[in-house]
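Following: one structure in structure tokens, then a few remarks.
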Amino acid sequence: MGENFVLVLLLVASLVQILVAAPVYNPRQLSLPSQLNPYPTKPRLSFRPDGTFKITVFSDLHFGENAWDVWGPQQDVNSTRLMRKVLADEKPDYVFINGDLITGENTFRENSTVYIDEIVAPLNEVKVPFSSTHGNHDNQANITHLEEILREQRDAPLSYTRVAPPGVGGEYGPGNYWVPIYAHPADFQPALIIWAFDSRGQLMLNY
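Here is the structure:
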């Protein structure tokens, strides 16, 4: 009995030493490994002090539709006007744009990506981070998802849209990526992850 009691005391003492010596996990004292940080050169997205994170979604903007008619360009003007109003009223922390961004079958090779400039202009003005996914009308004879992504990355410093690694999504579906959101800017672990999946829409361009 006495030997067993001593053994138990020794085990307890050893366990206490281990617990005391073990480092206390603090997510703010760790740095995210570079291979797990998809945005090393962009601001880290995090919750507001009250623990909230507001996302605004714009969908099916269809810029460039019937550009040869009066109502087509006016529709684009109305869309950007509405975007500016929503951004001013809601003041989101992040914006997500769902395809279709462009009505690609109505655009021409020389002007297709110019519509991306119009779409991102309201977002650039208020300096809000954002990203996008693309639909079947964004894959057409004169425009592809990849071309839209590259134009967006070129013209919008706060675009978090990425091109997927080689072999993911194929030629017509490169817009697969994830965006980490942190509870605090210095945290190691994301509290929220936004997943974006390319629709791979309109794979058959010669329909």
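Counting with mature numbering (1 follows the signal peptide of the UniProt record, and there is no 0), you get residues -21 to -1, 1 to 186 for the letters of the sequence shown. Quick reminder that beta carbons are idealized off the backbone N, C-alpha and C, glycines included. Since the structure is predicted, the reported quantities are computational estimates derived from the model, not experimental observations.
Continuous alpha helix (DSSP H) stretch holding residue i: start and end
i	result
Trp50	Trp50 to Glu69
Distance between beta carbons of residue j and residue i, contact taken as under 8 Å
i	j	result
Ile81	His116	7 Å
Thr35	Pro71	4 Å
Leu15	Val158	No, Leu15 and Val158 are not in contact; Cβ-Cβ is about 13 Å, not under 8 Å.
Ile160	Ala170	6 Å
Ile95	Asp134	7 Å
Close Cβ partners of residue i (< 8 Å) along its chain, the five nearest in sequence each way excluded
i	result
Ala1	Its pLDDT being 40, under 50, Ala1 is placed unreliably by the model, and nothing is read from it.
Leu137	Lys21, Pro22, Leu102, Asn103, Lys106, Val107, Pro108 and Phe109
Ile76	Val36, Phe37, Ser38, Leu40, Ile98, Phe109, Ser110, Ser111 and Thr112
Gln132	Ser138 and Thr140
Glu126	Ser91 and Thr92
Same chain only: Cβ atoms within 7 Å of residue i, ignoring 5 sequence neighbours per side
i	result
Tyr18	Tyr139
Glu97	Phe42, Asp55 and Thr59
Gly51	Glu44 and Asn45
residue 194	Because the chain here runs from -21 to 186, residue 194 falls outside it and cannot be looked at.
Residue i beta carbon near the ligand SAM (any heavy atom closer than 7 Å)
i	result
Pro145	You won't find the ligand SAM in this model; it holds no ligand whatsoever.
Boundaries of the beta strand (DSSP E) in which residue i is found, first to last residue
i	result
Ser38	Ile34 to Ser38
Trp157	Tyr156 to Ile160
Leu15	First-last for Leu15: undefined, no H or E at that position.
Leu171	Leu171 to Ala175
Other residues of its chain near residue i: CB distance less than 6 Å, five sequence neighbours each side excluded
i	result
Gly148	Asn155 and Asp177
Ser91	Asn121 and Ile122
Arg179	Tyr151 and Gly152
Ile(-4)	Caution applies to Ile(-4), whose pLDDT of 33 falls short of 50 and renders its modelled position unreliable; the value that the coordinates give is listed next. None.
Gly78	Thr112, His113, Gly114 and Asp117
Under 8 Å: do the stretch 97 to 105 and the stretch 61 to 72 share three or more Cβ pairs, one atom per stretch? Taking 8 Å as the limit for Cβ pairs, the verdict is that the stretch 61 to 72 does touch the stretch 97 to 105.
Report task. Please determine if the stretch 152 to 159 and the stretch 104 to 114 are in contact, where contact requires at least 3 C-beta pairs separated by less than 8 Å. Result -> Yes, since at least three Cβ pairs between the stretch 152 to 159 and the stretch 104 to 114 fall closer than 8 Å, the two stretches touch.
- [ ] Starting from the N-terminal side, write out each stretch of the alpha helix (DSSP H) that is 4 residues or longer and does not extend beyond the stretch 73 to 130.
- [x] The stretch 73 to 130 contains these whole alpha helix (DSSP H) runs: 93 to 105.
For this session: Assess, as a yes-or-no matter, whether the stretch 82 to 93 is touched by the stretch 40 to 60 under the definition of 3 or more beta carbon pairs within less than 8 Å.
Result: Under the Cβ criterion (8 Å, minimum of three pairs), the stretch 40 to 60 counts as touching the stretch 82 to 93.
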